[in-house]
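Number of protein chains: 2
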Amino acid sequence: MHNLNWSPSEKKAARAAFDAALEKALARAMAEFKSRAEAAASPSDMWEIESFLRQRRREIDETFDFRYSQLPLVFARLMQSGLLEERELAGLSEEKLEIIRSLLSLAAER
Amino acid sequence: MHNLNWSPSEKKAARAAFDAALEKALARAMAEFKSRAEAAASPSDMWEIESFLRQRRREIDETFDFRYSQLPLVFARLMQSGLLEERELAGLSEEKLEIIRSLLSLAAER
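Taken in sequence, the protein lines are chains A and B.
For the first sequence, this note's numbering assigns the number 1 to the initial residue and increments by one for each residue that follows.
For the second sequence, this note's numbering assigns the number 1001 to the initial residue and increments by one for each residue that follows.
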């Protein structure tokens, strides 16, 4: 994975797919936050939301790692969690798509 | 302050005033949280709310210290921030009320 070559057009496609998934992840977190905040009825609900937000922020920070050496794994994870579809990676070489599919099926087997 | 004697009825009055102020502080935080959450329109608003909640939780934890040695200072602070009125401390001895008033006027002079 560390020795893959990324052409300029692949870099661009990767960036677009990455950004779209990030936007989707943020929108999901936002929707969950809004619904929890609206339902919050007590101080303890409020402190639970603080901890929910902290956890979500950390998960997003950890997941969205745009280093080319990490991208196949990142994309596999995003597909696994429904934030990315394979068609959004159409601009990548077949070699990279194969790697991502293998990582995804490995993850699915666990 | 460390050598004050707290009678059982003073302890009871102190606890009631302390609890009422805590409830008020939590209700204030809750109201501000609800209004910020409703207004939140972007992920960055959401992360600001996380940091607002963390800060409020810490402030409340630090302020509400129910050790008898700390109570006069705690009560003076609560009066200063409008969470407690002197009449709510009616059950305390004049000696303690004097101390609290002095602390409050010292704080006001700053």
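Ideal Cβ positions, reconstructed from N, Cα and C, are used throughout, including at glycine.
Helix or strand or just coil, what does DSSP make of residue i?
{"i": "B/Trp-1047", "result": "helix"}
{"i": "A/Phe-66", "result": "coil"}
{"i": "B/Glu-1086", "result": "helix"}
{"i": "A/Leu-53", "result": "helix"}
Relative to the C-alpha of residue i, which candidate in the options has its C-alpha closest?
{"i": "B/Ser-1009", "options": "B/Ser-1093, B/Arg-1087, B/Phe-1075", "result": "B/Ser-1093"}
{"i": "A/Ile-99", "options": "A/Ile-60, A/Val-74, A/Asp-65", "result": "A/Val-74"}
{"i": "A/Gly-82", "options": "A/Lys-12, A/Phe-18, A/Leu-4, A/Asn-3", "result": "A/Phe-18"}
So the alpha helix (DSSP H) residue i belongs to, where does it begin and stop?
{"i": "B/Ala-1029", "result": "1008-1039"}
{"i": "A/Gln-80", "result": "71-80"}
{"i": "A/Arg-101", "result": "94-109"}
Taking the CB atoms as reference points, tell me whether residue i and residue j lie closer together than 9 Å.
{"i": "A/Glu-78", "j": "A/Ala-27", "result": "Checking the sequence shown, residue 78 of chain A turns out to be Leu, not Glu. Cβ atoms of A/Leu-78 and A/Ala-27: not closer than 9 Å."}
{"i": "B/Met-1030", "j": "A/Pro-43", "result": "yes"}
{"i": "B/Lys-1096", "j": "B/Leu-1089", "result": "yes"}
{"i": "B/Phe-1052", "j": "B/Glu-1032", "result": "yes"}
{"i": "B/Trp-1006", "j": "B/Ala-1016", "result": "no"}
{"i": "A/Lys-12", "j": "A/Gly-91", "result": "yes"}
{"i": "A/Arg-101", "j": "A/Glu-86", "result": "yes"}
{"i": "B/Glu-1048", "j": "B/Arg-1058", "result": "no"}
{"i": "A/Glu-50", "j": "B/Glu-1062", "result": "no"}
{"i": "B/Leu-1104", "j": "B/Gln-1080", "result": "yes"}
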